[in-house]
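Reviewing the structure listed below.
Residue numbers (this note's numbering), protein chains in the order written: chain A, 575 to 991; chain B, 215 to 573; chain C, 72 to 575.
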């Protein structure tokens, strides 16, 4: 009995294998080889630089951080003629072996690392491969090396502008409370907190109108449910404008704002961050803060191609167009990207553009824009600069001073009166 | 020398005694792998990639760095055991994830305060075992379904760690990481002919062998397997099937806890606040156990195989421009192909019925 | 009955063979006329329930045809059967215990007719109850109702779906005598209304009392269909248990020694929580075989499981070789010299484990070191001894026992107990499903054990086996020993009557 069933299993196995091999072989050879993905490149006399973009865990498809990195790299590939490859690591412990193996291969002129998770792994490998150039986006190892560039953003600058507009919109919506749904309690978020609160207090200072300020950490960048719940809580506390600073989590906050409006509980708006997120619900999201990871990635690649490479820390702010507020062209561009990936469904990018345009005209008054431009000018000219807290204590101290109305506590340089 | 020869002889006898069973398993596994890879090739072809190129990258890159390969296989080998041991006793432990978390967490706390890696590992194992036992006790005495308990506890552990990482245990220098394991308490590497290999891999292999010994050479393992295959028979033989459930969950939990603490003390040294270091290792362990047919020795190899797929899969994106999910698809296809042997069996029993009817 | 009566059910040449080769039914024919109460009589394992589950669409027959009112039908599942007007009441009811009766009725309609509203169902149910003349509180929670009323709710559920054929699987096994009388009244009313009833039972008195005709099955084969009025209970008993004795085994007269097993007023519950063993007191002596006869489900299984310590007892004492083992574990009882061979190989064996691993099951203490290591070499020696002593044919010691034939599997179960050399053997259904050769071998083995002064308690639903092997016989009916005495005091007919609940 046993022998029989074994022989049967063996026979069936062989039959199955043969069938599969025939099918595969037929597919491979009868129909011809798979279409080669890239046509033979046109001969370029200059050296073709090779760039590897190493994403954050999670990779493409977030319509935000990783997608913007991709955007910057694609722009570099078009404008600077570099050859770009991408890689998505599975976890933190994969990062060191990946850096080691890519550095050892010597294939790539620069490895661009997206996101703070790469900090530790880079710190442990950068010295071993002095010939390999690294760019770390939106994080820093805190060590200056010839072969490493850390590109940071001055998030305070864009958040302060958002803070002014949020306060102005809250008044147009018949309230005076603004809020934010934040991710985890980590340094980049501290900077947002300082900037956003500064903007609100700046509005208060210049207009004499009181602004009630709510800030809530959810502890996660990935939990939409937490974003929804926190968003609802803040809305119930009277917030008219909610700033999303929690990655995927604040998509839940968007949904809370949408439901709040649709259920007739009141009128409230949401503000996105990093990428332009207006397309997600153009009737309720009139604005997004910009953190131009694409500019950072492009900047890093440009340094290699143009030979201006210099190791160290670079910060990008309003002046370098590394942060800011997305203009309507940016809004439309992201709406198009969302349309392409099928995430924008019932609208055309033009609809998004027009809806957002009219929303901004209606709810962001000229006096608010004046305040925004005034502050932006000061920042761009370098008249004022924000502090970047190094410890949680320092951060707490700045926030408590800001809440008391002491705006200058947030400033490293210059002052506002 | 004598004893080694004696051992080998016994081993051969044992293999011979179960020769046919092993033959069936080997044929089935190989066939499944071949079919899985072939279907994968078709998928790749349909998606417009060159299967030969993708597989070349998968294997060559996957196997290029032995230390990376074996280090990566360590936690999933142990979470594989965490699934397999309870499975043999008839319990479905999908809580390897949470048990790994708690193992990593407790051993981090112990090792940073004592600077003693052995103590840290022990504490991690005890913590994992305690969590496993807790679920078993809920099941046995309160009738709580172990799957539901495990899903809930996985998240409880996830958020507990997240809370501690962001509020208490974060590294002041690198706030997105936990305080690191002290330098003097880290487990290092061992030089071997294929390069320096992390000690933790050898510990995991030894753990697998010990589990094999427990399962197949001790009364507890025997009792556990009998209870898993037939609880009624266990009762008849005077074993308590409930006790088997508790033992198996304790043992499985200890293995997942060991996985968490080895990962931490011998590999990553700290946990990041996105949990990418730990997340998913318990669930991958289920696939590892299935591929290894719940056999501790098989699990050693299947963990290394999975590890190769994961490592090679990452490079597919870089070198062939394929989406990163492709590697997951391939893994899935191969695991599904392993279900095919059951189809063979059904076919055979069907043929047997036809014969009986004719008679 | 006249030939003009319409045939409600015709089952022609029905066979059912399971994948593991067990033949449940072979070429069975059944004809039921419209508006009659038709009894289906047989011992357990005769195939009554299987036949009815085939009619109800739950099991597909391996071979055979079914006609309803002359039209050929083939069912894919019970829902098909329900649509054709067939309803079945199981021994275990299919009501949701935490729902009210009305909610259960509503639930049962969702699979057939989606449009029925609860108020419509209530109206129909009340009308129907008035017609048949029985009462079910529609708004009561099912689990609060007595079993008899639950059963009525189940019948009501089926009738509401306009069933024309009602199958009842041993409906009286869960009822008190008063409830049984009520049920019979209801059934007679239904018959007057023209509903066809198939009544599965092994109780002879009930057959005589309620049925018009009766079909008798034995071991998966049809014995015959008779008009109830024309046969006596004795005739039915003979048909049910059969007369032929295939094997003659010679045995020496018993040399009875001292008492080694005693149960005192033992009460045990079954899995459903009902009293299955009700005050059984037995003595078992060295060198004798005490056979316990009875139709399956009369408490024999619970009795032997309680003796082995697998099933908790409610009341009473168990004494093994002058030691009170009432509170001792199974393993301790085994060590005191008790051996138990269960009625099912699914209980006694782990099919996916090897022969060695299976012989180790009850011999584990012999092969363990002090450090609780299993010495597989020693275990193999035991297995070899079992194989040699019982002449077991196996592909290898390492092959899973599922590859052994049923007879060899049974030999493994018996053999591993013999090598332990216990004083007492409790053996349940030792030859169930075995071929003639294996049966003879096992029976001879039991006789030779008895001749070696072992005490044997044999539980069997096979009367031939009981008659052949036993020195003394006890008959169990509804959890009680209704008769006990020397084997010579029992004829097949008398046993058949006693097993059917008739005092004889």
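For every residue, glycine included, the Cβ atom is placed at its ideal position computed from N, Cα and C.
Note that the structure is predicted; figures quoted are calculated from it, not measured.
Continuous beta strand (DSSP E) stretch holding residue i: start and end
i             : result
residue 100/C : 94-104
residue 557/C : 551-557
residue 786/A : 786-791
residue 548/C : 543-548
residue 526/C : 526-530
residue 403/B : 403-406
residue 82/C  : 78-88
Between the CA atoms of residue j and residue i - distance to the nearest angstrom
i             : j             : result
residue 146/C : residue 282/C : 27 Å
residue 460/B : residue 138/C : 53 Å
residue 279/B : residue 850/A : 41 Å
residue 534/C : residue 467/B : 52 Å
residue 934/A : residue 740/A : 11 Å
residue 293/B : residue 440/C : 31 Å
residue 84/C  : residue 298/C : 21 Å
residue 350/B : residue 436/C : 27 Å
residue 517/C : residue 278/C : 36 Å
residue 268/B : residue 542/B : 13 Å
residue 424/B : residue 435/B : 11 Å
residue 950/A : residue 895/A : 11 Å
residue 79/C  : residue 466/C : 51 Å
residue 325/B : residue 378/B : 16 Å
Span of the alpha helix (DSSP H), counted from its first residue to its last, around residue i
i             : result
residue 946/A : 940-955
residue 745/A : 729-746
residue 497/B : 495-505
residue 894/A : Residue 894/A -> no alpha helix (DSSP H), and no H or E assigned at all.
residue 305/B : From DSSP, residue 305/B is part of no alpha helix (DSSP H); its letter is neither H nor E.
residue 695/A : 693-699
residue 660/A : Taken as a continuous stretch (DSSP letters only), residue 660/A belongs to no alpha helix (DSSP H), being part of the beta strand (DSSP E) at 657-661.
residue 113/C : From DSSP, residue 113/C is part of no alpha helix (DSSP H); its letter is neither H nor E.
Cβ neighbour criterion (16 or more within 10 Å) applied to residue i
i             : result
residue 908/A : buried
residue 802/A : buried
residue 420/B : exposed
residue 273/B : exposed
residue 348/C : buried
residue 775/A : buried
residue 618/A : A caution first: residue 618/A carries a pLDDT of 48, below 50, which makes its placement in the model unreliable, though a value can still be read off. Residue 618/A should be labelled exposed.
residue 394/C : exposed
residue 853/A : buried
residue 300/C : exposed
residue 209/C : buried
residue 159/C : buried
residue 369/B : exposed
residue 824/A : buried
CB contact flag (residue i, residue j, <8 Å)
i             : j             : result
residue 953/A : residue 891/A : yes
residue 526/B : residue 271/B : yes
residue 203/B : residue 317/B : Because chain B here runs from 215 to 573, residue 203/B falls outside it and cannot be looked at.
residue 525/C : residue 561/C : no
residue 516/B : residue 286/B : no
residue 554/C : residue 540/C : no
residue 311/C : residue 292/C : no
Proximity test, residue i beta-carbon vs the ligand SAH heavy atom, cut-off 7 Å
i             : result
residue 927/A : Within the structure as shown, the ligand SAH is missing, as the structure has no ligands at all.
Any beta strand (DSSP E) of 3 or more consecutive residues that is wholly inside the region 309-355 of chain C
330-340
For a minimum of 3 consecutive residues, which ranges assigned as the beta strand (DSSP E) are wholly contained in the region 820-878 of chain A?
843-848 and 861-865
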